[in-house]
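Line by line, the protein sequences are chains A and B.
For what it's worth, our numbering labels the leading residue of the first sequence as 144, then goes sequentially.
For what it's worth, our numbering labels the leading residue of the second sequence as -2, then goes sequentially.
The next block holds one structure in the form of structure tokens; read it before the comments.
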Amino acid sequence: MTAAGKYWRIALGVAVIAALIIVPMNFNRYGLYILSQWTVMTIAAMGLNLTLGYAGQVSLAQGAFVGIGAYAAAIMTTQGMPLIVALGVAIVLCFAIGWILGYPALRVQHHYLAFVTLAFSTLAFLVFRNEDWLTKGIYGISNIPRPNVLGFATNRPLPFYYFCLGSLGIVSLAMWWLIRSPWGRAFVALRENPVRALSLGIDTRRYTLMAFAIGSALGGVAGTLYAPLTQYIDPVPFNLSLSLDLLMMVIVGGSGFFFGPFLGAMIAVLLPEWLRFTQGYYLMLYAVAVMLLLIYSPTGILGILDRYLTERRTKAASALRAVAKSRLETAP
Amino acid sequence: MRSGIFAGLLLVTVSAATAFAQGAPIKLADVAELSGGGATVGNNWKNGIDLAIEEINAKGGVLGRKLEVTHADSQSNPGVARAQVQKALDNEPYVLLGPGYSGSVKVTSPLAAEAGITQIMGGEAAELTQGGNKFLFRTSFGQQSSMPKVAKYINDELKAKSAAIVWVNNDFGKGGRDVITKEFAKYNIKVAADLSTEAGQADFAADVSKIKAAAPDAVFVYLNEEESARILKELKRQAVAVPLVGETTLVGQKVVELAGDAANGARGHVGLTTDAPVDLVKAFREKFVKKYNYVPDHNGLKGYLAIYMVKATTEKMGKVDPKKFADTLHGLTIKAASEPGILMDVTFDEKGDIDRQGFLVEIVEGKQVVKQVLPKLN
């Protein structure tokens, strides 16, 4: 990458962040709610992107982890505990459960693994619904308070959006660091060729479990934001369809790309809202749009960009080669 | 030049304002379960609303102004319902209609109350109107008023000492089950079996054999229509001969069609039914079938009634005033004689609960027969 290209990228990043902070100031409550939802779903999808995109393990349980996080936050904050404590509990809980759920991933792969996680997803839903003493069952938990952050109340939509955006920022930085660390490289090695990774001395067993556990913990983080966002939770939003939705976000955005979940969540959360003007057809149009996208580019939106950049680089390289060749030929 | 633009703008604003005062449509917002698990509920509700609005507008509207409604889909998901209600409230509707799922009502009703907008909804869970929300109104009996009638019937008429309860495990079924269990306790009726089933469940053989083993004096069935038909068939197949008692969803026309002979003998309390022996309800049913080509369930009636509640309340106030709407509707009695669209006389109490006549019906040879009309309380 050239130095100029690098500066352009930084400028673009700063502009996007500034826009995310400044533009919503004029939004109505509905717009802020949808944007907050986008940040929450992005965090959950980032977790799944780590498991699926970087480590190559198909998981249909991410929605269940969002549910676990949401219930932890709902139960604890309605009992008067601060959200940060609930966040800690959710992370530890999801990490531990994710680690345990990772064991089947050591033995089964791909769609077999998907089935194992699907079973877990159903199990989690049944626990949310049937363990009345803990989760209030199908009635759900209402009046979930929004937190005070550094002395600021986040009851109003705008402060709560900033709280969500800030959380997304922290998670993004952590993720950025993680995938550039030796761990991140190990995850990719695991996806590309587990046998070779093993022969190079990477403990594939530990890293598989780690990918699952960290990805799940991020699902839990998203859940602890989801509960105070809607301020009411019941088991229904955390059924299998949320897991499938998250999986779609990762794939549509571009699985294995850092910014994939951001775009994927944007499409999954915002596109149906934009299409609502078509009344009864909006979900159909949305489905068709997603299908067309995946037919055109199975690697998602960022896959298109990636393809374009690769093509350009190839072209530039062949042009250089041609020049070099012609020079050789014209040389005396 | 600039002053010209300004004057033009001013003119547009002023004329828009006068148009608003004279005959601009009254904006209503509906958020309902148009897709997902509650799609039948939401679409019946929506069609009922559209039918009522079409009728009212054809007759010149309310106080000379047309009604206009926007429908938004909650996907049967409380989180989406919250977003859509927020969007609807940002546009400052006159009245908010829906949602139908009790969970979605719970998440949205504080928003409407905060905005000071009246919400007329379809949820039936008992607790909805017990939190002191001054802006929330039902369109049908809450479970806290329908279940005591069922329990009383099981005790007084059937003289049952024990009963099995079969319920569908969602907020509707669980809510009904919890209220009736309490009512049974008052009458010392033993719960012989307490069976939770899934929405969409196809096979009830296991549940029915459990009922058989428990040998209760009566079975209380609280499922959706399709599942009600399935369990009725299975109860007949396994020759369970005790009385089968339920609510609106056990004795509806759809259940009779699906279950055939097996539906005979089923009885229940019905608050709103298109089979009610009331001329206005029959006329409603005909109009609905003519427009949509199918027989609506009670949710269709609820949507229809919601609009006529808006009409009657507004005419009572004599003006379109969203702030006074809820106050006016509390304690209001709407008579079918003066407002035929309300179908049956109805009174709204201080909590937003309704008082209306109900029916005890039994299926006899494939027909709903009203055994008893339970009068309006006051």
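Glycine included, every Cβ here is placed at the ideal spot set by N, Cα and C.
The structure displayed is predicted, hence computed values, not measured ones.
**Three-way DSSP call (helix, strand, coil) for Thr442(A) in this model** = In the structure shown, Thr442(A) sits in coil (DSSP, three-state: anything other than H, G, I, E or B).
**Message:** Taking beta-carbon pairs under 9 Å, can you tell me which members of the region 167 to 199 of chain A lie near chain B?
**Reply:** Flagged, chain order: Asn171, Arg172, Tyr173, Gly174, Leu175, Tyr176, Ile177 and Gln180.
**Item:** Three-state class that DSSP yields for Val251(A) in the structure shown
**Value:** Looking at Val251(A) - three-state DSSP - the assignment turns out to be coil, as it is neither helix nor strand.
**Request:** Could you confirm whether any beta carbon from chain B is found closer than 9 Å to the beta carbon of Val379(A)?
**Result:** Output row for Val379(A): interface = yes.
**Assigned secondary structure, Ala16(B) (DSSP; H/G/I helix, E/B strand, else coil)** = Confidence at Ala16(B) is low in this model, with a pLDDT of 44, below 50, so the placement of that residue should be treated as unreliable; the coordinate-derived value is given next. Look at Ala16(B) here: in three-state DSSP terms it is helix.
**Message:** Quick check on this structure: which residue in Gly100(B), Leu357(B), Ser71(B) and Thr194(B) has the alpha carbon closest to the alpha carbon of Trp164(B)?
**Reply:** The candidate whose alpha carbon is nearest that of Trp164(B) is Thr194(B).
**Asked** Along chain A, which residues have their Cβ under 9 Å away from the Cβ of Asn166(B)?
**Response** The contacting residues are Arg272, Asn273, Gly280 and Ile281.
**Item:** Short-range partners of chain B found in the region 410 to 434 of chain A, where Cβ spacing is below 9 Å
**Value:** Flagged, chain order: Pro415, Glu416, Arg419, Gln422, Gly423, Tyr425 and Leu426.
**Message:** For the beta strand (DSSP E) containing Glu359(B), name the first residue and the last one.
**Reply:** Gly355 to Val361 is the extent of the beta strand (DSSP E) around Glu359(B).
**Prompt:** So Ile114(B) and Phe132(B) are in contact, right, with Cβ under 8 Å, and what is the actual spacing, rounded?
**Reply:** Here Ile114(B) really is in contact with Phe132(B); their C-beta atoms are around 7 Å apart, less than 8 Å.
**Asked** Under a Cβ-count criterion, where at least 16 other Cβ atoms within 10 Å of its own Cβ denotes burial, should Thr194(A) be classed as buried or exposed?
**Response** Thr194(A) is buried by the Cβ-count criterion.
**Option nearest Val275(B) by Cα separation, candidates Lys230(B), Val253(B) and Met341(B)** = In terms of CA proximity to Val275(B), Met341(B) leads the group Lys230(B), Val253(B) and Met341(B).
**Message:** Let me see if you follow: with CB-CB separation under 9 Å, is Tyr369(A) close to chain B or not?
**Reply:** Closer than 9 Å to some Cβ of chain B, the Cβ of Tyr369(A) qualifies, so yes.
**Request:** Look at Gly76(B) and Gln180(A) and say whether their C-beta atoms are less than 9 Å apart.
**Result:** Closer than 9 Å, so yes.
**Prompt:** For Glu65(B), which three-state DSSP category applies?
**Reply:** Here Glu65(B) sits in strand by DSSP.
**Request:** Express the C-alpha separation of Gly312(A) and Pro380(A) in angstroms, rounding to a whole number.
**Result:** The alpha-carbon of Pro380(A) is positioned some 25 Å away from that of Gly312(A).
**Residues that Asp87(B) contacts on chain A, provided the C-beta gap is smaller than 9 Å** = Within chain A, the residues whose beta carbon sits less than 9 Å from that of Asp87(B) are Asn171, Arg172, Tyr173 and Gly174, listed in sequence order.
**Request:** Identify every run of the alpha helix (DSSP H) within the region 347 to 413 of chain A, keeping only runs that are complete inside it and at least 4 residues long; order them along the chain.
**Result:** DSSP runs (the alpha helix (DSSP H)) wholly in the region 347 to 413 of chain A: 347 to 373 and 383 to 396.
**Message:** Does any residue of chain A have a CB that is nearer than 9 Å to the CB of His266(B)?
**Reply:** In terms of beta-carbon proximity, His266(B) stays away from the interface with chain A, with every pair separated by 9 Å or more.
**Request:** Since I believe Leu155(B) is in contact with Asp214(B) (beta carbons under 8 Å), could you give me their beta-carbon distance rounded to a whole number of angstroms?
**Result:** Indeed, because the Cβ distance is near 7 Å, the residues count as touching under 8 Å.
**Asked** Can you tell me whether DSSP reads Tyr173(A) as helix, strand or coil?
**Response** Residue state, collapsed to three classes: helix.
**Message:** Using a Cβ-Cβ distance cut-off of 9 Å, determine whether Lys288(B) contacts chain A.
**Reply:** Under the 9 Å criterion on CB atoms, Lys288(B) is classed as non-interfacial with respect to chain A.
**Asked** What are the start and end residues of the beta strand (DSSP E) that includes Val242(B)?
**Response** Note, Val242(B): beta strand (DSSP E), Leu241 to Gly243.
**Request:** Could you check which residue in Ala207(A), Arg172(A), Ala146(A) and Met168(A) has the C-alpha nearest to that of Ser359(A)?
**Result:** Among Ala207(A), Arg172(A), Ala146(A) and Met168(A), the Cα nearest to that of Ser359(A) is on Ala207(A).
**Request:** Along the alpha helix (DSSP H) that carries Lys43(B), what are the first and last residues, could you check?
**Result:** First-last of the alpha helix (DSSP H) with Lys43(B): Ala36 to Ala55.
**Request:** Would you mind telling me which residues of chain B sit closer than 8 Å to Ser386(A), beta carbon to beta carbon, in chain order?
**Result:** Chain-order list of chain B residues neighbouring Ser386(A): empty, with the shortest C-beta distance near 14 Å, by a criterion of under 8 Å.
**Asked** What residue ranges within the region 124 to 179 of chain B form continuous alpha helix (DSSP H) runs of no fewer than 4 residues, ordered along the chain?
**Response** Counting only runs of 4 or more, we get 140 to 153.
**Asked** For Ala80(B) versus Tyr173(A), is the C-beta spacing smaller than 9 Å?
**Response** Against a cut-off of 9 Å, the Cβ pair of Tyr173(A) and Ala80(B) comes out as a contact.
**Request:** Would you list, in chain order, the members of the region 30 to 53 of chain B that have their beta-carbon closer than 8 Å to a beta-carbon of chain A?
**Result:** With the criterion set as a beta carbon lying under 8 Å from some beta carbon of chain A, the members of the region 30 to 53 of chain B are Leu31, Ser32 and Gly34, in sequence order.
**Request:** Give the C-beta separation of Leu64(B) and Leu25(B) to the nearest angstrom, bearing in mind that I take them to be a contact with Cβ-Cβ under 8 Å.
**Result:** In this structure, Leu64(B) and Leu25(B) form a Cβ contact; the two beta carbons are roughly 6 Å apart against a cut-off of 8 Å.
**Request:** Would you list the one or two residues that DSSP bridges to Phe217(B)?
**Result:** In the DSSP output, where bridge partners are listed per residue, Phe217(B) has Ile162(B) and Val242(B).
**Message:** For chain A, check one thing: does any of its Cβ atoms lie closer than 9 Å to the Cβ of Val104(B)?
**Reply:** True, the Cβ-Cβ gap to chain A drops below 9 Å.
**Prompt:** Are there 16 or more other CB atoms within 10 angstroms of the CB of Asp318(B), so buried, or fewer, so exposed?
**Reply:** Exposed, because fewer than 16 other Cβ atoms sit within 10 Å of the Cβ of Asp318(B).
**Message:** Once the 5 residues before and after Asp191(B) are set aside, which same chain residues still bring their CB inside 6 Å of it?
**Reply:** The residues are Ile162.
**Within chain A, partners of Arg79(B) - CB distance below 9 Å** = Close partners of Arg79(B) in chain A (Cβ separation under 9 Å): Tyr176, Leu372, Thr373, Gln374 and Tyr375.
**Cross-chain neighbours of Gln83(B) in chain A, by beta carbon under 7 Å** = Chain A residues near Gln83(B): Arg172, Tyr173 and Tyr176.
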